[in-house]
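Asks: For what it's worth, this note's numbering labels the leading residue of the sequence shown as 7, then goes sequentially.
Beta carbons are placed, not taken as given, at the ideal position from N, Cα and C, and that holds for glycine.
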Amino acid sequence: MKSKHGFETSRERSQLMRKIRSKDTGPEKALRKLLWNAGIRYRKNVKKLPGSPDLVIQKHRVAIFIDGEFWHGHNWEDKKQKLKTNKEYWIPKIEKNIVRDQATNHKLEYLGYKVLRFWQHEIEQNPAMCYLKVMQAIEK
């Protein structure tokens, strides 16, 4: 089966990719619960701000992103060497995502926001540490 991008993909792979969520992921929900229980109020997926941050604590001008490791290029130099299929598609796509994330950070900082980015695995493995980083950003 050919994808709209012109490369071969199996039906099974296509089904798996469809299930990947971009909003309300488990790590997002975990961090939101910690913040809510601490009395920190936020907005989700604020489209009026560059990059549509996953969470925005407007009162303290903090923008929070929870990035998936693959999509946002965690350990990218190592991982791109290990790609087995569709390298010609994935390498430029992920590298554009990395550049876009950096540009988004600069735009938000220019607007006066503190930008926090967490990898999904950081929240999954140590949500308390991520929560503390948010609290530190609020206190500054």
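1) Can at least three beta-carbon pairs, one atom from the stretch 94-112 and one from the stretch 42-52, be found at a separation below 8 Å?
2) Taking a contact to mean a Cβ-Cβ separation below 9 Å, would you say residue 105 touches residue 122 in this structure?
3) Would the stretch 29-42 count as touching the stretch 72-87 if we require 3 or more Cβ pairs under 8 Å?
4) Might you give, ordered along the chain, the residues of its own chain that have their beta carbon closer than 6 Å to the beta carbon of residue 129, omitting 5 neighbours on each side?
5) Please say whether residue 103 and residue 79 have beta carbons closer to each other than 9 Å?
6) Assuming residue 52 is part of the alpha helix (DSSP H), what are its boundary residues?
7) May I ask which residues mark the beginning and end of the alpha helix (DSSP H) holding residue 129?
8) Can you tell me the Cα-Cα spacing of residue 45 and residue 116, whole angstroms?
9) Given a cut-off of 9 Å on the beta-carbon distance, is the pair residue 77 and residue 100 in contact?
Replies: Taking the definition as stated:
1) No contact exists between the stretch 94-112 and the stretch 42-52.
2) With contacts defined as CB atoms closer than 9 Å, residue 105 and residue 122 fail to qualify as a contacting pair.
3) Contact holds: three or more Cβ-Cβ distances are below 8 Å.
4) Taken in chain order, the residues that qualify are 33, 36, 37, 136.
5) Their beta carbons are under 9 Å apart, which means residue 79 touches residue 103 by this criterion.
6) Segment: none, residue 52 is in no alpha helix (DSSP H) and carries neither H nor E.
7) Where residue 129 is concerned, the enclosing alpha helix (DSSP H) stretches over 126-131.
8) Just so you know, the alpha carbons of residue 45 and residue 116 end up roughly 27 Å apart.
9) Yes; because the gap between Cβ atoms is below 9 Å, this pair is in contact.
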